[in-house]
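Peer 1:
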Ligand SMILES: C[S@@+](CC[C@H](N)C(=O)[O-])C[C@H]1O[C@@H](n2cnc3c(N)ncnc32)[C@H](O)[C@@H]1O
């Protein structure tokens, strides 16, 4: 039986020099949605678990959608380096700012001109769950209520 192996690297998704070029078959990821979440505060437990200081992790937080798109473009440029031809990227985003910005549209625009073919966007519309009550959300109108997964193939 083949032994499974793994590696853990900490750093920005737009620069991953520890990952060899054309070495990846599948990327499943989800970037920060503009500036809506305080990740340093939310991830303190995970950081503690792997011995990182949360405040020292550079978090991508962009209020301006065009700056966010520039970040996503840099990430896809790096993904174009590490993903093999024929490999896939599943890039999960959502709708933000009361549904006025559908981030998958910005992702598709940001990746334009890079060696990826868009296969589609999988939209998962959820039923309201009581778990959201802990954040003071009691319906499907506030916050991000759908998952939008942009599926790309490296060409
Ligand atoms: C929408 S959340 C996705 C969370 C993911 N589904 C998980 O379970 O960990 C975005 C994640 O991107 C991380 N992040 C922030 N800036 C980043 C960067 N420059 N490069 C890579 N990841 C970043 C955040 O800390 C956060 O964990």
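In my numbering, the protein residues as written are 278 to 432. Beta carbons are placed, not taken as given, at the ideal position from N, Cα and C, and that holds for glycine.
(1) Which first and last residues belong to the alpha helix (DSSP H) in which residue 428 is found?
(2) Report whether the distance from the Cβ of residue 368 to the nearest heavy atom of ligand 1 is below 7 Å.
(3) Run the Cβ filter for me: residues under 5 Å from any heavy atom of ligand 1, listed in the order they occur in the chain.
(4) Check for me: the alpha helix (DSSP H) holding residue 393 runs from which residue to which?
(5) Per DSSP, which one or two residues make a beta bridge with residue 367?
(6) Identify the continuous alpha helix (DSSP H) that holds residue 326 and give its terminal residues.
(7) The alpha helix (DSSP H) spanning residue 352 covers which residue range?
(8) Using DSSP with H/G/I as helix, E/B as strand and the rest coil, what is residue 384?
Peer 2: Checking against the coordinates, here is how it stands:
(1) Translated into positions along the chain shown, residue 428 becomes position 151. In the DSSP annotation of this structure, residue 428 is not part of any alpha helix (DSSP H); the continuous beta strand (DSSP E) holding it starts and ends at 423–431.
(2) As a working note, residue 368 is residue 91 in the chain shown. For ligand 1, not one heavy atom lies less than 7 Å from the Cβ of residue 368.
(3) Applying a distance threshold of 5 Å between residue Cβ atoms and the heavy atoms of ligand 1 selects 289, 290, 307, 309, 316, 336 and 337, given in chain order.
(4) Along the chain shown, read from residue 1 onward, the residue named residue 393 stands at position 116. Premise fails: residue 393 lies in the beta strand (DSSP E), 393–402, not in any alpha helix (DSSP H).
(5) Position 90 of the chain shown, counting from 1, holds the residue named residue 367. The partner list for residue 367 (beta bridge, DSSP) reads 305 and 428.
(6) Start at 1 with the first residue of the chain shown, and residue 326 comes out as number 49. Counting along the chain, the alpha helix (DSSP H) containing residue 326 begins and ends at 321–326.
(7) Translated into positions along the chain shown, residue 352 becomes position 75. Annotation: the continuous alpha helix (DSSP H) that includes residue 352 extends over 342–359.
(8) The residue given as residue 384 occupies position 107 in the chain shown. Reduced to three states, the DSSP call for residue 384 is helix.
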